[in-house]
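Participant: Protein chains in written order, with my numbering: chain A, -9 to 95; chain B, -9 to 95.
This structure is in structure tokens; I'll ask about it shortly.
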């Protein structure tokens, strides 16, 4: 199982339309990625580690797929619409990576 | 509910002792943070978004607490031992922030 992590930097002076992201973009992602996407978690940055400092990322999104190949297969169809929708809610360049959950506890 | 996100940058030439982190540091964290820490998720970076590129973060850790205050209360005791253990597994400076899970789905 793999997680696709998408981190939106909290850059000063940049734009991030939280309402559009949550009400329009993410439902679109949920619909277009279909059953290949096993789970979606969304997190809003609240604060940095030191009191009074801002969060490094204003928003992050974590999507579970069976494998990178399973993601690539559905992304071939869903990618253009989802990628093309990004300018509608932000002008920052997200940091994107694949991660593997490690058993713990 | 709040998540403490700790991201370890995948810096070329840096050191990250995966075995020590998973077998020694994280069990220490689990023990010292006690019941205040509701859940811990650990993720290992696998790849960047573009084929053949490295993950931005080699490891990330996500710990759930009832609130930032609940974290601060337990961190006052656990912080020195946990922070002091970091050089035993890495020489990179982690990116740390608090995030709030957003209801979705």
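Ideal Cβ placement from N, Cα and C applies to all residues, glycine included.
What you are looking at is a predicted structure, and each value in this text was computed from that prediction instead of being measured.
I'd like to know whether the C-beta of residue 35/B is nearer than 8 Å to at least one C-beta of chain A.
Facilitator: yes
Participant: Give the DSSP-derived three-state secondary structure of residue 3/A in the structure shown.
Facilitator: Note: residue 3/A maps to coil in three-state DSSP.
Participant: Can you give me the Cβ contacts of residue 89/A inside the same chain, cut-off strictly under 6 Å, excluding the 5 residues immediately before and after it?
Facilitator: -7, -5
Participant: Residue 64/B lies in the alpha helix (DSSP H); which residues open and close that run?
Facilitator: 58 to 75
Participant: Compile a chain-ordered list of the residues in the segment 84 to 95 of chain A whose CB is closer than 7 Å to at least one CB of chain B.
Facilitator: Of all residues in the segment 84 to 95 of chain A, the ones placed with a Cβ closer than 7 Å to any Cβ belonging to chain B are 85, 86, 87, 88, 89, 90, 91, 92, 94, 95, in chain order.
Participant: Could you check whether the Cβ of residue 15/B sits closer than 7 Å to any heavy atom belonging to the ligand SAM?
Facilitator: The ligand SAM is absent from the structure shown, which contains no ligands of any kind.
Participant: In the DSSP output, what is residue 38/B paired with across the bridge?
Facilitator: 87/A
Participant: Can you tell me the Cα-Cα spacing of residue 1/A and residue 38/B, whole angstroms?
Facilitator: 21 Å
Participant: Using a Cβ cut-off of 8 Å, which residues of the segment 7 to 41 of chain B contact any Cβ in chain A, in chain order?
Facilitator: Here the close residues are 12, 16, 20, 30, 31, 32, 33, 34, 35, 36, 37, 38, 39.
Participant: Cβ closer than 7 Å: which chain B residues qualify as neighbours of residue 47/A?
Facilitator: 87
Participant: Reducing DSSP to helix, strand and coil, say where residue 49/B ends up.
Facilitator: strand
Participant: By alpha-carbon positions, which one of 82/B, 33/B, 24/B ends up nearest to residue 87/A?
Facilitator: 33/B
Participant: State yes or no: is the C-beta of residue 21/A within less than 8 Å of the C-beta of residue 30/A?
Facilitator: no
Participant: Start and end of the alpha helix (DSSP H) containing residue 21/B?
Facilitator: 16 to 23
Participant: Leaving aside the five residues before and after residue 47/B along the sequence, list all residues of the same chain whose C-beta is less than 7 Å from its C-beta, in chain order.
Facilitator: Counting only Cβ-Cβ distances below 7 Å, and skipping sequence neighbours, we find -3, -2, -1, 0, 35.
Participant: How about residue -8/A: is its C-beta nearer than 8 Å to some C-beta of chain B?
Facilitator: Output row for residue -8/A: interface = yes.
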